[in-house]
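Trainee: Numbered according to the numbering used here, the sequence shown spans residues -4 to 361.
Cβ coordinates follow ideal geometry from the N, Cα and C atoms, glycine included.
Note that this is a predicted model, so its numbers are computed, not measured.
Okay, here's the structure, questions in a sec.
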Amino acid sequence: MKTPNLEITPQNLELRFSQLLRVTDKLKSSKYSDSKKKEKLHQTLMVAITKIDDCNFCGLSKTELWHHHVLIERIFLWLEYLVDSTINQTPYEIMNCLELVLADWIDDLDNYVLLTSLSNKRNDFAFHYDQDPSLLIEIRKLLKQYYDIDLELDVIRIILPKFLSHDYLTAVHLYHELAHFIDWKYSVTDQVLFKRGLLFRKDADENKIKYQEHFADIFAAQYVDRASCVHLSYLTYRKPNGKHPPTRIRIELVENFLDEKESMIVSDIKKATLSCTRRPLKKRFKTAGISDFNNLIPIEVRAPEELHGLFIEAWDIWQNPKSALRKNFKRSDLYRILNNLVEKSISNYFLTQAWEKKYVSDEIRN
């Protein structure tokens, strides 16, 4: 067996592409109930794969082999996320809530599709992004150059634990992870570091990580109040913080933001956010009251703000040792009941919205 060189060979590329084709088999009957954009991305990738399948890799130059390596690896990555973003893997109720958050912060929302990847690690919540934003531009260019394919969508990739994908209590962490995308898109943290003279110091990377976490904590608190902090305290209890800021300080800053107390860090983040996004950091949730949940009835949600408030109300019940549901049900049953109530409340809201939209559309046609 010959020692391989550092170049991409036709044979290695053929192997990788054959592996990619096996992944496509899993997607043949996929359903994406929460987003037509996922179906659009799916179809675009299938067209690309079909055209690449007709390519003779042995006839490609070294540069062309490298270009196809880049294309195949990116298509592979997106397909992995699509597999985990089907209706059977990730509930559309959670994704639709996050889509509403994106709508608050992105004008060109139609150009983005939100995908999830399921991790076997129980605490693995993360936003996955490209360090080099120009990579997507290059991929679009290559698809057009070689196969005359227009890739119109950009992919937002979020990782969450496989065994908690239907957990509506820990779903509050996804608001935090989505905040990292907003930060990445608008460079909010860089603005804070620049204003404070920290951007070009030796410890700039360390400071950036800390401010990224502070921004994400505050961003999430806009929608889920203190709910994300409650679980954060458990996850980081007596554990090294690593490069992240101490949990105590993170929670303190969230409290300052929610209580509108003076804080230099919170003030700097709010100013940078407004400057970079033209949107303010502010409370974007409403709670309708937990009486319905206590009566085992889904809450009738009337606005997106109340939709986000469902997570807060579920956490309020879970955290209250004197709640009526605590007294009447075992903890495992209470956990199941709360998840079902939140899911049903969200589902009812979006079904009502879809029905009203169809009704108005039918009225206009008639």
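Can you check whether the C-beta of residue 186 is within less than 9 Å of a C-beta belonging to chain B?
Mentor: Looking at the structure shown, chain B is missing, and only one protein chain is on hand.
Trainee: Note down the Cα distance separating residue 340 from residue 301, rounded to an integer number of angstroms.
Mentor: Rounded to whole angstroms, residue 340 to residue 301 spans 10 Å at the Cα level.
Trainee: In angstroms with no decimal places, state the Cα-to-Cα distance between residue 250 and residue 318.
Mentor: Cα to Cα, the separation comes out at about 24 Å.
Trainee: Can you confirm whether the region 154 to 170 touches the region 109 to 118 when touching is taken to mean that 3 or more C-beta pairs between the two stretches lie within less than 8 Å?
Mentor: Taking 8 Å as the limit for Cβ pairs, the verdict is that the region 154 to 170 does touch the region 109 to 118.
Trainee: Enumerated in chain order, which unbroken segments of the alpha helix (DSSP H) with a length of 4 residues or greater are wholly contained in the region 39 to 101?
Mentor: 57 to 79, 87 to 100, all fully within the region 39 to 101.
Trainee: Assuming residue 123 is part of the beta strand (DSSP E), what are its boundary residues?
Mentor: Where residue 123 is concerned, the enclosing beta strand (DSSP E) stretches over 121 to 123.
Trainee: Is it right to say residue 326 is buried, meaning 16 or more other beta carbons lie within 10 angstroms of its own, or is it exposed?
Mentor: Residue 326 should be labelled exposed.
Trainee: In whole angstroms, give me the CA-to-CA distance for residue 162 and residue 257.
Mentor: Answer to the nearest angstrom: the Cα atoms are 35 Å apart.
Trainee: Grab me the residues of residue 226's own chain with a C-beta within less than 8 Å of its C-beta, minus the 5 sequence neighbours each way, in chain order.
Mentor: Here the set comprises 164, 165, 167, 168.
Trainee: Leaving out five residues before and five after residue 53 in sequence, what residues of the same chain have Cβ atoms less than 8 Å from its Cβ?
Mentor: 5.
Trainee: Taking the beta strand (DSSP E) that residue 111 falls in, what are its first and last residues?
Mentor: Taken as a continuous stretch (DSSP letters only), the beta strand (DSSP E) holding residue 111 covers 107 to 114.
Trainee: Within the region 134 to 158, note down every full beta strand (DSSP E) run reaching 3 residues or more, in order along the chain.
Mentor: Runs of the beta strand (DSSP E) inside the region 134 to 158: 149 to 156.
Trainee: My guess is that residue 264 and residue 175 are in contact by the Cβ rule of under 8 Å, so how many angstroms apart are they, rounded?
Mentor: 14 Å between Cβ atoms; not a contact.
Trainee: In angstroms, rounded to a whole number, what distance separates the CA positions of residue 106 and residue 97?
Mentor: About 11 Å.
Trainee: Considering Cα atoms alone, identify which of 134, 252, 275 is closest to residue 101.
Mentor: Of the candidates 134, 252, 275, the one whose C-alpha sits nearest the C-alpha of residue 101 is 275.
Trainee: For residue 73 and residue 281, I'd like the C-alpha separation in whole angstroms.
Mentor: Going from the Cα of residue 73 to the Cα of residue 281 covers about 35 Å.
Trainee: According to the Cβ coordinates, are residue 68 and residue 122 closer than 9 Å?
Mentor: No.
Trainee: Would you identify the three-state DSSP class for residue 172, choosing helix, strand or coil?
Mentor: If DSSP states are grouped into helix, strand and coil, residue 172 belongs with the helices.
Trainee: Using a Cβ-Cβ cut-off of 6 Å (strictly less than) and excluding sequence neighbours within five positions of residue 71, which residues of its own chain qualify?
Mentor: Around residue 71: 15.
Trainee: Looking only at its own chain, which residues have a Cβ that is under 6 Å from the Cβ of residue 181, when we skip the five neighbours before and after it?
Mentor: Result list for residue 181: 271, 272, in chain order.
Trainee: Verify whether the separation of the beta carbon atoms of residue 207 and residue 184 is less than 9 Å.
Mentor: Cβ atoms of residue 207 and residue 184: closer than 9 Å.
Trainee: Please report the residue range of the alpha helix (DSSP H) in which residue 7 lies.
Mentor: Where residue 7 is concerned, the enclosing alpha helix (DSSP H) stretches over 5 to 21.
Trainee: Using alpha carbons as the reference points, say which of 88, 269, 224 lies closest to residue 248.
Mentor: Nearest option by C-alpha distance: 224.
Trainee: By DSSP, does residue 187 sit in helix, in strand, or in coil?
Mentor: The answer is helix: DSSP assigns residue 187 an H, G or I state.
Trainee: Can you tell me where the alpha helix (DSSP H) with residue 226 in it begins and where it stops?
Mentor: Run containing residue 226: 222 to 230, per the alpha helix (DSSP H) assignment.
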